[in-house]
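Here's the structure, in structure tokens; my notes come after.
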Amino acid sequence: MPHSRALIGGRIRVGVDIVGVERMARLRAESGALLDEMFSPREQAYCLARQGTQDRHLAARFAAKEAVLKAFGTGLATRMRWTDVEIINERSGKPLVELHGEVAALAERRGLSDLDVSVAHSEGLAVAHAVTVWTERDALPPD
């Protein structure tokens, strides 16, 4: 079954990911250096300011990064860094995606026209869903 659907003037692809909050807590406790590898300074500042729920917010952002890369159909490929996908918030709290580096270059080459992400978290799990819309020019890798 195809992963994408034709739209007028483009194609849509989705990605979803789920991360255990306890797993994120363990990673953070084992190595603070991992935070710098996985999260931008803005992401870290936002999440670590959330007293008592830091790991929920980190897990949600990590799930969002994974969901975005799945919607791209690539996963984390060579030369891509986790910080190339940055999850920030509008004033309303709605998460937004900013692309940098190799991921931004890939989006430009393939004709990304829209990207949206939604995240949710509870005590034990964080989930994210990403939707991408691609123009028809070299829109997606083969299914």
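Numbering of the sequence shown is given in my numbering, commencing with residue 356 and proceeding in unit increments. Where a beta carbon is used, it is the ideal one built from N, C-alpha and C, also for glycine. Bear in mind the structure is a predicted one, so any value in this text is a computation, not a measurement.
- When DSSP assignments are scanned along the stretch 365–400, the uninterrupted stretches of beta strand (DSSP E) that are 3 or more residues long and fall wholly within it turn out to be 365–375.
- The stretch 436–496 is shown to contain whole beta strand (DSSP E) runs of 3 or more residues at 440–444, 450–454, 467–476 and 480–489, in chain order.
- Each residue's CA atom was taken as its position, placing Leu390 and Gly375 some 16 Å apart.
- Just measuring C-alpha positions, the residue of Val423, Arg416 and Leu451 sitting nearest His476 is Arg416.
- Within the model, the alpha-carbon separation for Gln409 versus Arg464 is close to 35 Å.
- For Gln409, the secondary structure class from DSSP, reduced to helix, strand or coil, is helix.
- Measuring C-alpha to C-alpha distances from Met393 to each of Glu421, Ala404, Val369 and Glu457 identifies Glu421 as the nearest.
- Taking Gly430 as the centre and dropping the five residues before and after it, the same chain places the C-beta of Leu424 closer than 8 Å to its C-beta, in chain order.
- Classified as exposed, Arg405 has fewer than 16 neighbouring CB atoms from the shown chains inside 10 Å of its CB.
- The residue from Met435, Val488, Gly370 and Val452 with its alpha-carbon nearest to that of Asp469 is Val488.
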